[in-house]
Amino acid sequence: MKTAEIRQRFLDYFERNGHTPVPSASLVSDDPTIMFTIAGMVPFIPYLTGVVPAPYPRATSVQKCIRTNDIEEVGKTPRHGTFFQMCGNFSFGDYFKREAIAFAWGLLTTPEADGGLGFDPNDLWVTVYLDDDEAHDIWRSISGLPEERIQRLGMGENFWSAGGAGSPAGPCSEIFFDRGPEHGADGGPATDDDRYVEIWNLVFMQYVRGEGTSKDDYEIIGDLPTKNIDTGMGLERIAFIKQGVGNMYEIDQVRPVLDAAAELAGVSYGRTHEDDVRLRIIADHVRSSLMLMSDGVQPGNEGRGYILRRLLRRVVRSMRLLGVEGATFPVLFAASRDAMRDAYPEVATDFDRIGRLAFAEEQTFLRTLSQGTAILDDAVARTRHEGVSTLPGNTAFLLHDTFGFPIDLTVEMAEEAGLQVNRSAFDELMAEQRARAKADAKSKRTALADLGVYSKFRALGETGFVGYTDLEHEAEVL
Ligand code: ATP
Ligand code: MG
Ligand code: MG
Ligand code: MG
């Protein structure tokens, strides 16, 4: 089943069940304090919080998402992309737990011939929040799943909140697909997230959260004006399972890029683990970059542009590790365009512009990559000679400042040589440089990093809505 077809089945199913289909919002929100759209619920925040009355009681969407906090997982787990599409159904004070569970179970287990996704119930597991007996009992009665396949997990896993004090929160329930004993031990999603792949999260949003020490430890200070449903099903995860391939980088929308990279490099996918990870990173990052540029992001040194630059430069570096020294973007981006154009025609109609940006970025980086690599090799040799295991922060700073090496690239390259990077010294040098920078550039950067200013939702509580945990991470990685 093609990814596009799964997407359509999802939307059709929820439309048949009274949901208004809503097109995906941009990856880049109008709100400068939000880095990227990280979940299907982001465009619906005003309705979910009750700040703006919802124009419809039920909605469904397939939302483009970027999660840079998953970048380390890309290529290593089967299920994490920096770009992915989240299928969601939403209720704004309309239906709640029972219907949300029934809808999800219905779509997953209805046979393909009847418009469903045709999962075998024996392959599915469910988790609920520790004391959420209500969700547990609804699952038992609707799915008939045996007691042992409904696991209870704590706050870290099965209690969701949008951010800090004042933001919406509630217990959630997740659905997992069992990939089989060859991928790990029995025991369910509570013990293994490689064998048991999370495919769908159902959030029962009903509380306002208070202060706390972490995402696993906070108080509930009140009820939201209405009880809402927010769900997210990973389109790529369903696609890789339905397409019978090993991971999300091998689905129809991504695999052509992986193949193009392998061909350029003259390597075969499936031979060595190291090369396979690189090929998967390339396929993922090219697609994410294409989608980001299609939504107007341009490579740069700040905020969103810098995230894009990091992705693009990591592709260059990964291709080089596969033995290709020259330009590869014209081939890789064309492959990604052709794999994505059915779902997103704008990546083709706007390709002249996107390609120009991407190819120029590759040229610039290729020019400095070898010089930078020589400097790094030198520093590595010196560090080793001194018998220490940490590369000085000023080397990382020089590489960043003069050769355009994103810090994570330096960290990655140092790690390959068995060394760490003095990150705090690097951060200090960066901070000093920023302090010297012009006032307007500085304020722009600060605005992006300051995710606490989500003023529209102040109405929720004294301290208001303070953004997303994931977005706070975004600020850190700038
Ligand atoms: P995981 O635990 O596997 O990292 P998650 O709990 O972070 O997933 P949610 O925030 O619950 O994910 O998002 C809802 C759904 O979106 C997930 O159940 C999954 O199907 C999908 N999803 C989340 N992150 C990614 C990603 N990086 N790439 C692809 N799909 C994703
Ligand atoms: Mg995650
Ligand atoms: Mg999870
Ligand atoms: Mg989840």
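Every position in the sequence shown, counted from 1, becomes a number in our numbering once 60 is added. Note that the Cβ used here is the ideal one computed from N, Cα and C, for glycine as well.
- Not one heavy atom of ligand 4 sits closer than 7 angstroms to the Cβ of E296.
- Under DSSP, S121 takes part in a beta bridge, and its partners are G148.
- With fewer than three CB-CB distances shorter than 8 angstroms, the region 106-113 does not count as touching the region 82-98.
- With a cutoff of 8 angstroms on beta-carbon distance, T286 and V263 are scored as not near each other.
- Three or more beta-carbon pairs separated by less than 8 angstroms link the region 179-197 to the region 214-222, which places the two stretches in contact.
- Taking a 10 Å sphere around the C-beta of S221, we find 16 or more other C-beta atoms and assign the residue as buried.
- No Cβ-Cβ contact shorter than 8 angstroms links A491 with P452.
- Between the region 73-80 and the region 112-123 there are three or more inter-stretch CB-CB distances shorter than 8 angstroms, so the stretches are counted as touching.
- For A99, the shortest separation between its Cβ and any heavy atom of ligand 1 lies below 7 angstroms.
- In this structure, DSSP gives Y189 an extended state, which the three-state scheme calls strand.
- When beta bridges are read from the DSSP output, A229 appears opposite S221, Y267.
- With a cutoff of 8 angstroms on beta-carbon distance, I126 and I298 are scored as not near each other.
- If you compare the alpha carbons of D319, V122, V257, V391 with that of T97, the shortest gap goes to V122.
- If you draw a straight line from the Cα of G326 to the Cα of A320, it is about 10 angstroms long.
- Secondary structure note for M293: its beta strand (DSSP E) is the uninterrupted segment 277-294.
- Taking a 10 Å sphere around the C-beta of A164, we find 16 or more other C-beta atoms and assign the residue as buried.
- Residue range 483-496 is occupied by the alpha helix (DSSP H) that includes R494.
- Beta-bridge analysis with DSSP links P81 to T120.
- Exposed is the label assigned to V448, since fewer than 16 other Cβ atoms lie within 10 Å of its Cβ.
- A buried status is given to E258, since no fewer than 16 other beta-carbon atoms sit within 10 Å of its beta-carbon.
- Taking G141 as reference, the option from Y309, T443, F457 with the minimal CA-CA separation is Y309.
- Nearest C-alpha to G175 among H445, K136, L71, S86: L71.
- The three-state reading of DSSP puts S430 in helix, counting H, G and I together.
- An exposed status is given to H333, since fewer than 16 other beta-carbon atoms sit within 10 Å of its beta-carbon.
- The straight-line gap separating the alpha-carbon atoms of R269 and G226 is approximately 6 angstroms.
- Under the DSSP assignment, R338 falls in the alpha helix (DSSP H) whose first and last residues are 333-354.
- Look at D72: its beta carbon is at least 7 angstroms from all of the heavy atoms in ligand 2.
- The criterion of a C-beta distance shorter than 8 angstroms is satisfied by R364 and V88.
- Here the C-alpha atom of T63 lies approximately 36 angstroms from the C-alpha atom of S274.
- Pairwise C-beta distances place the region 396-413 out of contact with the region 423-433, as fewer than three of them are shorter than 8 angstroms.
- Annotated three-state conformation of V257 is strand, per DSSP.
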